[in-house]
Each structure stands twice: as C-alpha cells, then as structure tokens.
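One structure below.
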Amino acid sequence: MIDKIARFPLAVLPTPMHVLTGLSRQAGIEIFIKRDDLTGLAMGGNKTRKLEYLIQDAMAQRADTLITAGAAQSNHCRQTAAAAVKAGLACELVLAGEQNSRNGNVLLDTLLGAKVHWTPRKERQARMQTIAHELEQRGQVPYVIPVGGSNAVGALGYVNAMIELEKQCQSISWWPTHVVLATSSGGTMAGLVTGKKLTGFPAEIVGISIDKGFDEFPIFENEMAEISLSAAHQIGLDSPFHADDFIVTREFLGLGYGIVGAEERNAIYTLARSDAILLDPVYTGKAMYGLLELIGNGFFNPDDRILFWHTGGEASLFGYESELMHAR
Ligand SMILES: Cc1ncc(COP(=O)(O)O)c(C=O)c1O
73 MIDKIARFPL
83 AVLPTPMHVL
93 TGLSRQAGIE
103 IFIKRDDLTG
113 LAMGGNKTRK
123 LEYLIQDAMA
133 QRADTLITAG
143 AAQSNHCRQT
153 AAAAVKAGLA
163 CELVLAGEQN
173 SRNGNVLLDT
183 LLGAKVHWTP
193 RKERQARMQT
203 IAHELEQRGQ
213 VPYVIPVGGS
223 NAVGALGYVN
233 AMIELEKQCQ
243 SISWWPTHVV
253 LATSSGGTMA
263 GLVTGKKLTG
273 FPAEIVGISI
283 DKGFDEFPIF
293 ENEMAEISLS
303 AAHQIGLDSP
313 FHADDFIVTR
323 EFLGLGYGIV
333 GAEERNAIYT
343 LARSDAILLD
353 PVYTGKAMYG
363 LLELIGNGFF
373 NPDDRILFWH
383 TGGEASLFGY
393 ESELMHAR
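Numbering follows the numbering used here, with no gaps: position 235 of the sequence shown is 307.
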C-alpha cells in the first residue's frame, strides 16, 4: 500500500550502498555503508526522504508556508528550507539559542531563502505556534513540521528506504546482520523498524542515541513505537510495535548533544582517512564513535556483517571548525 501514497519528488534514489574497504580492513569486520548523505537535496541527508511525504501532505492541505524548528546547525531545517524552494513554498525556521556561527547550515538556510527566528530552546514549540497563528491572521496557510520531521508521515520515507535497501541487498546477494544508525528525534529509526516488519528484513537495527540518555528520556523507545504504529496504520500493515522492537544504545552520548569531543573527532578523522567519506560532528560522527566502540567491545561476532546508515549532515562540519581542527 505504500506505493499508493503520493510523495513529492525531492531525493535522488536509490542512494548508493557499498563496502567500506579501508574501515573493514582496519576494524577486522565487514562494514558496508548506505549513503543517505547523497540524497541530493542541497547537500542531502536523511530528512529529504521524510520531506517527500511531508511536503506532499502540506500541498494537499494547500499550505503556502512551512514552519519547523531545530538546533542552530539543524540539517532538518536546512533540508526543509530546500524542500520549500522546490515546492514553491515559503519557509520559517525556529532555531535554538543564539546565532554564534554564520557558517554551515546557518549559511545554507540563508542562501535557501528561509526566514530564521532565533529562540531559546525550550520556547521553540510555542514560537512555531505563534508564527503559525500570525500567518493565519494574515490569511496564509502554514504547515508545521515537528522537530526532525519525526511523525508518522515523515517516517514513511524510511519505510520506503528499507524497501530500497532490501532490493539492493537482493541484487548483490549480501545481507547485513546489523544496521547501525544515529537516532535522535526517532523518525528515521521508527521508519526503518516499520520497514523491517513489512519486508521481513533479517538484520537487527541498532540505534545509537545522540541525545537521549535513560534518565531524561526513559520512554524514547515507546515514542518510536508509537510513530511506527501510526506509520504502519497508514500503509495497512497490521502489526503491533513495542519498546522492545527498538534496540537503542545510550552509551555514546559523549559530552552531550552538539558538543564535539575527542570521541566524535576521532571517528570523523578515522573514516575520512580510511575511505574518504565525511561524517558530521553532531550525528554520524557520534554514531560512528559508537559503532567503533561496539566493535571493540565484542558486541558483534567476527563473521557479522554491518551496514552503517550514513544519515548526512556534513554541512555542519563548517560550523565546528575550531573543535575539529583541535589537536587529536
Ligand atoms: C545527520 C542526521 N543524522 C541523524 C539524524 C537523526 O534522525 P532522527 O531525528 O530521525 O532520529 C538527524 C536528525 O536531525 C540528522 O540531521
């Protein structure tokens, strides 16, 4: 049924999947990569797939302005600004904190014509509602996209991505035992887990939590299960989803969200120098740090086959110049 749900074309699909020759040799285990850093929309990333469904929904509601929120270096906000251009919509972004860099995604948000509202982190939700209200008063039609595009509509992008991966694995007769990815607002992982149930994909999906420790977010897995359940409902997949469908490790939070320490820096340097692939400082750098630790800790068997899902974000490398140039 997912084929019957229209999406607004934004991404260049399928994204490549290939072996990481250098890293596999170095780590002593087979590692492939799925290149969603190459989704093709203004420097790409995982949000492009979600936005194909979200923009379609916005157009169906005759919206004229997209509103969303994120961190200062939000990849989601930058891709939303780009999607708005493609769809002929206006875009207003609520970014957390104060502008302390004009580089990276902040620069791209401006190039892409988005209107930016700098807002204290805790007030982002209320600010989006206020902006929507003001637009409505002026006779406009706003469409509010939640942080990270993580709702049932956005998650469909990753249900589709799992179908795409299944075909790619089929075509080369190679199947991972584990799919490893960064998880934060949860829509990407929720989509993949729904897609796994839909396709019967054999691998375990392992989310490396980027910002959700157990004390503050004990119900993160429940939240993802809820997104999966409503995504499944939309595509006529009659299946329950529970917290234990989600394998999430919370051990690799480092110094916290958006803070680049030696761990993320080392992971970024490692993949750049083993396979010439760039990771980002906030999500995939942390996720790769987690993956390398899991390999070192014996989480995998030597004959396991790992697929690292690259979710993009390299634009923010340029917002973290001093942390990344810091002596390793
Ligand atoms: C580069 C990158 N990777 C991973 C994620 C996490 O995806 P999700 O929020 O769907 O969990 C994000 C979210 O902003 C991201 O920008």
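We put the beta carbon where it would ideally sit given N, CA and C, even for glycine.
Asked                                                                                                                                                                  : Found
Under the three-state reduction of DSSP, which class applies to L138: helix, strand or coil?                                                                           : strand
Please determine, among V225, L167 and I139, the residue with the shortest C-alpha to C-alpha distance to Q306.                                                        : V225
Is it the case that the segment 286-300 contacts the segment 328-339, given that we only count it when at least three CB pairs across the two stretches are under 8 Å? : no
Taking only three categories from DSSP, how would you classify F289?                                                                                                   : coil
Counting along the chain, where does the alpha helix (DSSP H) carrying H205 start and finish?                                                                          : R196 to Q209
In the DSSP assignment, find the alpha helix (DSSP H) that holds I367 and state where it starts and stops.                                                             : T356 to G368
Taking Cβ to Cβ, would you say H250 is nearer than 8 Å to V278?                                                                                                        : yes
Is the distance from the Cβ of A83 to the Cβ of T140 below 8 Å?                                                                                                        : no
Take T342 and list the residues in its own chain whose beta-carbon comes closer than 8 Å to its own, dropping the five residues that flank it on each side.            : L95, Q98, M360 and L364
Considering only C-alpha positions, which residue in the set P192, N177, T266 and A227 is nearest to A186?                                                             : N177
In the DSSP assignment, find the unbroken alpha helix (DSSP H) run with R150 in it and report its ends.                                                                : N147 to A159
Three or more C-beta pairs under 8 Å: does that hold for the segment 205-218 against the segment 227-246?                                                              : no
Which same chain residues, not among the five before or five after R322, have their C-beta less than 6 Å away from its C-beta?                                         : S281, G285 and F286
Under 7 Å: does the beta carbon of G169 sit that close to some heavy atom of ligand 1?                                                                                 : no
Is T93 closer than 8 Å to D376 when the C-beta atoms are compared?                                                                                                     : no
Just to confirm, is the Cβ distance from T266 to A304 under 8 Å?                                                                                                       : yes
Would you report the Cα separation of I367 and N373, rounded to the nearest angstrom?                                                                                  : 9 Å
Looking only at its own chain, which residues have a Cβ that is under 6 Å from the Cβ of S222, when we skip the five neighbours before and after it?                   : S257, G258 and G259
Give the secondary structure of R337 by DSSP, where H, G and I count as helix, E and B as strand, and everything else as coil.                                         : helix
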